[in-house]
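Everything in the sequence shown is counted per UniProt numbering, starting at 1 for the first residue and increasing by one.
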Amino acid sequence: MKIRNSTKAVIIHNNKLLVTKLEEKKDVFYLLPGGGQKPGEMLKECLVREYIEETGYEIEVHELLFVRECFLDEDIHRVEFIFSGILKEAGVADEAVMDKNQIGIEWIKIDNIMKEPLFPVGIRSLINSYSKGKHIETYLGEIL
Numbered sequence: 001m002k003i004r005n006s007t008k009a010v011i012i013h014n015n016k017l018l019v020t021k022l023e024e025k026k027d028v029f030y031l032l033p034g035g036g037q038k039p040g041e042m043l044k045e046c047l048v049r050e051y052i053e054e055t056g057y058e059i060e061v062h063e064l065l066f067v068r069e070c071f072l073d074e075d076i077h078r079v080e081f082i083f084s085g086i087l088k089e090a091g092v093a094d095e096a097v098m099d100k101n102q103i104g105i106e107w108i109k110i111d112n113i114m115k116e117p118l119f120p121v122g123i124r125s126l127i128n129s130y131s132k133g134k135h136i137e138t139y140l141g142e143i144l
């Protein structure tokens, strides 16, 4: 089994969360932007690169919020490092290079986050709590 590190970010601007919008088998859902770490790349460097690729936005990476683990298929153990951050220039985005199944980016209202198809489902309440300044355990284990 391979271990794969990936980075993601919680970027909240004007009480909205930036997410990637995907479509698979006619189902539309959201994910936090980010992606896999390359050999020799620091986690924060990975996140800045992936964020530009997927959203077109440059970000400033702040603190580590969560560590999540999950198992993809039978051969990949993914460890996700989820950071907080801010946009370097609000409202300025270059063209994104979309991943497979990605159909765009969207800003979703934090007030509606519990109703949105954001995955993993367990992250919705954590981001909602974080946005309200509540303390959250960093290590999440395998939340679904």
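Glycine included, C-beta positions come from ideal geometry on N, C-alpha and C.
Computed from a predicted structure; not experimentally measured.
Below 8 Å on the Cβ atoms is my contact criterion, and I expect residue i with residue j to pass it. Report the Cβ-Cβ distance as a whole number of Å.
i, j, result
"Glu53", "Val97", "5 Å"
"Ile114", "Ser125", "Checking the sequence shown, residue 114 turns out to be Met, not Ile. With 8 Å as the limit, Met114 and Ser125 qualify as a contact, their Cβ atoms being about 7 Å apart."
Considering just the uninterrupted stretch of the alpha helix (DSSP H) at residue i, what are its terminal residues?
i, result
"Asn128", "123-131"
"Leu87", "Counting along the chain, Leu87 falls outside any alpha helix (DSSP H), though it belongs to the beta strand (DSSP E) covering 76-87."
"Thr55", "43-55"
Let me confirm a value: residue i is counted as buried when at least 16 other C-beta atoms fall within 10 Å, else exposed. Which label applies?
i, result
"Val19", "buried"
"Lys8", "buried"
"Phe83", "buried"
"Thr138", "exposed"
"Glu50", "buried"
"Pro33", "buried"
"Val10", "buried"
Residue range of the beta strand (DSSP E) that residue i falls in?
i, result
"Leu64", "59-72"
Check whether the segment 45-59 and the segment 117-133 are in contact - that is, three or more C-beta pairs closer than 8 Å. no
Below 8 Å, can you find three or more Cβ-Cβ pairs linking the segment 36-46 to the segment 104-118? no
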